[in-house]
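**Student:** For the sequence shown, the working numbering assigns the number 38 to the initial residue and increments by one for each residue that follows. Heads up, the beta-carbon is just placed ideally off N, CA and C, and yes, glycines get one too. Structure incoming, see below.
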Amino acid sequence: MSASRRVISVLTLALTLPMFAEHASAEIKICNNFPQTVYFSIGYDQPGYDSFMSRGWLVLAPNGGCDEFDSALHLSVFWYYAETNAYYVRKHVKNTNTWGSVRPDKQLWVARNSFNIIDNPGMKRPSDPGAKLVGFARSLEASGSELNETLTIEADGINVSQSISSNTNTDTNTAAKPEAPTNTKK
């Protein structure tokens, strides 16, 4: 390979790496500090369409389990809904925690099992017999860039904290304190 071709190859690589590096840092990381397994779903706008996509379930282990939602998503904002299975808080009393359902910003469909549902305005119930319409809460929004967020369901089972990291490695931490989650006792 000639010297001029090597220089062009190195320059091409040097110029394209920052583009890939910027996209590689866009991520949505979800953590669970609550002592029960949490099932997490996400909703987001489909640019160019008059619809939203709702997807789930990301299964988060209790007491510190974290996972990243689809790394191919490059969003500036998303909506979320999460829930636990019913668990005993004392003899004959069960509790189910949900996040996103109190004063929701968006109503989207979720299903009993893994799902990808295109939520069109005015759509009928999806074919999944366990599908239900639930409230989703809005995440923080990245201004002028793709979202690089960590959302944490806190150990108290009520609060959700959110932090956004920019591509320049400076963190802006913001805690979102929603109303208490919906707790269903059985």
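Could you give the distance in angstroms between the alpha-carbon of D156 and the alpha-carbon of D87?
**Tutor:** The count along the sequence shown starts at 1 and reaches residue 156 at position 119. The count along the sequence shown starts at 1 and reaches residue 87 at position 50. Taking the straight line joining both Cα atoms gives about 9 Å.
**Student:** Do you know how far the Cα of G167 is from the Cα of A192?
**Tutor:** To locate residue 192, count along the sequence shown from 1; it is residue 155. To locate residue 167, count along the sequence shown from 1; it is residue 130. If I take the Cα positions, the gap works out to 28 Å.
**Student:** Pull up the distance between the alpha-carbon of V130 and that of Y81, whole angstroms please.
**Tutor:** Sequence index remark: in the sequence shown, residue 130 carries index 93 (1-based). Sequence index remark: in the sequence shown, residue 81 carries index 44 (1-based). Rounded to whole angstroms, V130 to Y81 spans 35 Å at the Cα level.
**Student:** Output needed for N70: all residues of its chain with C-beta closer than 7 Å, excluding positions within five of it in sequence on either side, in chain order.
**Tutor:** Numbered from its first residue, the sequence shown carries residue 70 at position 33. Here the set comprises N100, G101, T189, I190, E191, A192.
**Student:** Is V75 near L97, with beta carbons less than 7 Å apart?
**Tutor:** Here residue 75 refers to the residue found at position 38 when the sequence shown is read from its first residue. Here residue 97 refers to the residue found at position 60 when the sequence shown is read from its first residue. For V75 and L97, yes; Cβs fall inside 7 Å.
**Student:** Using the Cα positions of R175 and G137, report the straight-line distance between them to the nearest angstrom.
**Tutor:** In the sequence shown, counting from the first residue as 1, residue 175 sits at position 138. In the sequence shown, counting from the first residue as 1, residue 137 sits at position 100. Using only the alpha carbons, I get a separation of about 8 Å.
**Student:** Would you please state the rounded distance, in angstroms, between the beta carbons of R92 and S78? I believe it to be under 8 Å.
**Tutor:** The count along the sequence shown starts at 1 and reaches residue 92 at position 55. The count along the sequence shown starts at 1 and reaches residue 78 at position 41. With 8 Å as the limit, R92 and S78 qualify as a contact, their Cβ atoms being about 6 Å apart.
**Student:** Can you grab the Cα-Cα spacing for the pair F89 / L184, in whole Å?
**Tutor:** Taking the first residue of the sequence shown as 1, we reach residue 89 at position 52. Taking the first residue of the sequence shown as 1, we reach residue 184 at position 147. Answer to the nearest angstrom: the Cα atoms are 17 Å apart.
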